[in-house]
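Note sheet for the following structure.
Protein chains in written order, with our numbering: chain A, 1 to 197; chain B, 1001 to 1197.
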């Protein structure tokens, strides 16, 4: 009986991304080792997040309010929207602390294999934002994968009716990256887009 | 404010064994992606475990009752006690399905560096079990590390006053292990303990 609750928890934890049966057992034992210090605070934090975090009506970011901190922030430029796949990508861009505009979260990329079509992505809501918001540039910051690039081109096509500059992130050598370890496509792209020093 | 709850949760998850900031963000976003399917059931299972799982008074195993399923099981030999470091080791032995005796969980190994002395391990409770229980063999199944072996020798010494057979796990080549990748100590041990075919 007891094994059932524990086993059930271990199975559930093992299905989280990046975890497996072995690491799940380790995590659960660690939590049980000091219930007051680890397990109860974690339950409390998870419950708080479950009760309070929702999707921003404007951009799709996760926040406590219906309109997120970034959308509400008057210091952030309203005429600049950066289109990203997921909240994780938004967080990655925020960590750089260089972007001053707003975001729009697609919720994924088009994929024939996974059956993701344009209706399942937040493209309609992007268009209605562009209609009411005085936006001058949309930055498409989608992964440089095949599906990502298909999606980027599809969005660029759809936004063609608006009189807006559409840009994408630069491709090139990552900072700290060694040429020797880079794929040919990236090197070719970096060479084509070379800058004067 | 919202970032505070989310950030707090991500920080807490990132401190779990085997996780870091990046995998923690992934886990938390995965949980938030489908609250009803992932986050709420996980909170429920964690709370159930927090409320119901306790340490067995007899052996130190984790269970719903004060005396665990293994200690209660009349089919398991009472005269055989296997001493292990942690509940994870007990689970590892149970998965083999070959051991039919009881267990005793030490709760760690002696360590001069971490300041773990014999009083902090469940050695006294092992001795009192041996006094009341009619035990004929104690198997010491502790890691083959320096601290582990020190602990094994210390326990063997302490149990010398009882008229009990004290054994330890065999060292040797792991099943499926290639000699080429094994350390010299293991190969030497396996050679010394060779068996006739």
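Ideal Cβ placement from N, Cα and C applies to all residues, glycine included.
{"Asked": "Contact check, residue 126 (chain A) vs residue 104 (chain A), beta carbons under 8 angstroms", "Found": "yes"}
{"Asked": "Chain B contact residues for residue 45 (chain A), given Cβ-Cβ distances below 8 angstroms", "Found": "1005, 1008, 1009, 1012"}
{"Asked": "Cutoff 8 angstroms; reference residue 1189 (chain B); Cβ partners in own chain excluding five residues on either side", "Found": "1171, 1172"}
{"Asked": "Contact list for residue 1017 (chain B) against chain E, beta-carbon separation under 7 angstroms", "Found": "Protein chains A and B are contained in the structure displayed, whereas chain E is not."}
{"Asked": "Inter-residue CB distance, residue 81 (chain A) and residue 135 (chain A) (contact presumed, cutoff 8 angstroms)", "Found": "6 angstroms"}
{"Asked": "Nearest to residue 83 (chain A) (by Cα), restricted to the options A:32, A:197, A:169, A:48", "Found": "A:169"}
{"Asked": "Cβ-based contacts, 8 angstroms cut-off: residues of the stretch 1082–1096 of chain B near chain A", "Found": "1086, 1087, 1088, 1091"}
{"Asked": "Own chain residues within Cβ distance below 7 angstroms of residue 156 (chain A), not counting five before or after", "Found": "140, 166"}
{"Asked": "Start and end residues, beta strand (DSSP E) containing residue 96 (chain A)", "Found": "It is not in any beta strand (DSSP E) - residue 96 (chain A) instead sits in the alpha helix (DSSP H) that spans 87–96."}
{"Asked": "Stretch pair the stretch 1008–1023 of chain B + the stretch 60–79 of chain A: three plus CB contacts closer than 8 angstroms", "Found": "no"}
{"Asked": "Segment contact flag, the stretch 38–47 of chain A with the stretch 59–74 of chain A, C-beta cutoff 8 angstroms, min 3 pairs", "Found": "no"}
{"Asked": "Ordered list of beta strand (DSSP E) runs contained in the stretch 1085–1160 of chain B, each at least 3 residues", "Found": "1102–1105, 1137–1141"}
{"Asked": "Beta-carbon proximity of residue 164 (chain A) to residue 1032 (chain B), cut-off 8 angstroms", "Found": "no"}
{"Asked": "Contacts that residue 1125 (chain B) makes with chain A (C-beta to C-beta distance below 8 angstroms)", "Found": "Those within 8 angstroms of residue 1125 (chain B) in chain A number zero; the least Cβ separation is about 18 angstroms."}
{"Asked": "8 angstroms Cβ cutoff, residue 1049 (chain B) in contact with chain A", "Found": "yes"}
{"Asked": "Where residue 1183 (chain B) sits in the DSSP three-state scheme", "Found": "coil"}
{"Asked": "DSSP-derived helix/strand/coil call for residue 168 (chain A)", "Found": "strand"}
{"Asked": "Beta carbon proximity, residue 111 (chain A) to chain B, threshold 8 angstroms", "Found": "no"}
{"Asked": "Cβ neighbour criterion (16 or more within 10 Å) applied to residue 196 (chain A)", "Found": "exposed"}
{"Asked": "Within 8 angstroms of chain A by C-beta, residues of the stretch 1139–1172 of chain B in sequence order", "Found": "none"}
{"Asked": "Inter-residue spacing [alpha-carbon to alpha-carbon] between residue 192 (chain A) and residue 1181 (chain B)", "Found": "47 angstroms"}
{"Asked": "Residue 1186 (chain B) versus residue 11 (chain A): straight-line alpha-carbon distance, rounded", "Found": "34 angstroms"}
{"Asked": "Length at least 4, wholly inside the stretch 3–66 of chain A: the alpha helix (DSSP H) runs in chain order", "Found": "21–33, 40–52"}
{"Asked": "Buried versus exposed, by CB contacts within 10 Å (16 or more), residue 1025 (chain B)", "Found": "buried"}
{"Asked": "Contact with chain B by residue 128 (chain A), beta-carbon distance below 8 angstroms", "Found": "no"}
{"Asked": "Residue range of the alpha helix (DSSP H) that includes residue 1178 (chain B)", "Found": "Counting along the chain, residue 1178 (chain B) falls outside any alpha helix (DSSP H), and DSSP gives it neither H nor E."}
{"Asked": "Buried or exposed (CB count within 10 angstroms, at least 16 for buried), residue 58 (chain A)", "Found": "buried"}
{"Asked": "C-beta contact flag for residue 1027 (chain B) and residue 16 (chain A) at 8 angstroms", "Found": "yes"}
{"Asked": "Distance CB(residue 1009 (chain B))-CB(residue 49 (chain A)) smaller than 8 angstroms", "Found": "yes"}
{"Asked": "Anticipated Cβ contact below 8 angstroms, residue 1158 (chain B) with residue 1123 (chain B), distance rounded", "Found": "6 angstroms"}
{"Asked": "Exposure of residue 1085 (chain B), with buried meaning 16 or more beta-carbon neighbours within 10 Å", "Found": "buried"}
{"Asked": "Residues sharing a beta bridge with residue 191 (chain A), DSSP", "Found": "For residue 191 (chain A), which the question treats as bridged, DSSP gives no partner whatsoever."}
{"Asked": "Simplified DSSP state of residue 1071 (chain B), which is helix, strand or coil", "Found": "helix"}
{"Asked": "Chain A contact for residue 1039 (chain B) (CB, 8 angstroms cutoff)", "Found": "yes"}
{"Asked": "Contact set for residue 1143 (chain B): own chain, Cβ-Cβ below 6 angstroms, skip 5 residues either direction", "Found": "none"}
{"Asked": "Beta carbon of residue 121 (chain A) nearer than 8 angstroms to that of residue 107 (chain A)", "Found": "yes"}
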